[in-house]
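Heads up: the sequence shown runs through residues 1 to 156, numbered per UniProt numbering.
Scroll down for the structure; my scribbles are underneath it.
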Amino acid sequence: MQIIRQLGPLRDALAEFRKQGRKTGLVPTMGALHAGHMRLVEVAKEQCDIVLVSIFVNPAQFGEGEDLDTYPRQEAADVALLKAAGVELIWAPTLDQIYPDDFSTKVYVGGLSEGLDTLTRPDFFEGIATVVTKLFNQIRPDAAYFGEKDFQQLAI
């Protein structure tokens with residue numbers, strides 16, 4: 001299992017998988033893995049040749065006064081779970097690999113993102129849509145696996 005934190009080595013690993021014709025499945029997470037995440041990994045393993053799990057606590061989906069600083073970070077435990085599950089690759093980027101100093105593009109999602117959670121967390125869905133777009137552009141997975149516990153987030 002590889003743990004990659006920089007974009008160059010990630011691209012190299014993914015290029016090798018593509019060259020081999022291997023189908024890549026992405027399970028995007030913010031870490032603090034639980035049974036729901038591990039079920040997504042199982043499904044990805046059934047459907048893909050390579051399972052890549054991203055672990056990135058995304059500051060863009062937290063507003064001022066929210067729980068970014070206290071969000072659980074337990075990388076060693078997450079890595080142990082993923083290793084036991086047979087995950088090939090963990091993308092645990094540093095902040096600058098997702099949001100470099102000159103980064104200014106954000107993804108705005110209207111419609112379903114308006115109301116409900118957005119009423120109390122105005123940056124939430126913009127932050128999620130932006131980081132998922134970044135992950136898709138960096139990884140270009142053949143498939144992606146998302147949990148279903150948050151209906152509004154899943155629908156978006």
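C-beta atoms are modelled at their ideal positions from N, C-alpha and C, and glycine is treated no differently.
- Taking all protein chains in view, the Cβ of residue 3 is surrounded by fewer than 16 other Cβ atoms within 10 Å, so the residue is classified as exposed.
- The beta carbons of residue 94 and residue 5 sit closer together than 8 Å.
- Counted as a single uninterrupted DSSP element, the beta strand (DSSP E) harbouring residue 51 occupies residues 50-55.
- Nearest neighbour of residue 30 by Cα position, chosen from 67, 73, 18, turns out to be 73.
- Counting only runs that start and end inside the segment 21-96, the alpha helix (DSSP H) elements of at least 4 residues fall at 35-47, 75-84.
- Here the segment 58-66 makes no contact with the segment 32-41; the two share fewer than three CB pairs at distances below 8 Å.
- The DSSP-derived three-state label of residue 2 is strand.
- Around the beta-carbon of residue 125, 16 or more other beta-carbon atoms lie within 10 Å, marking it buried.
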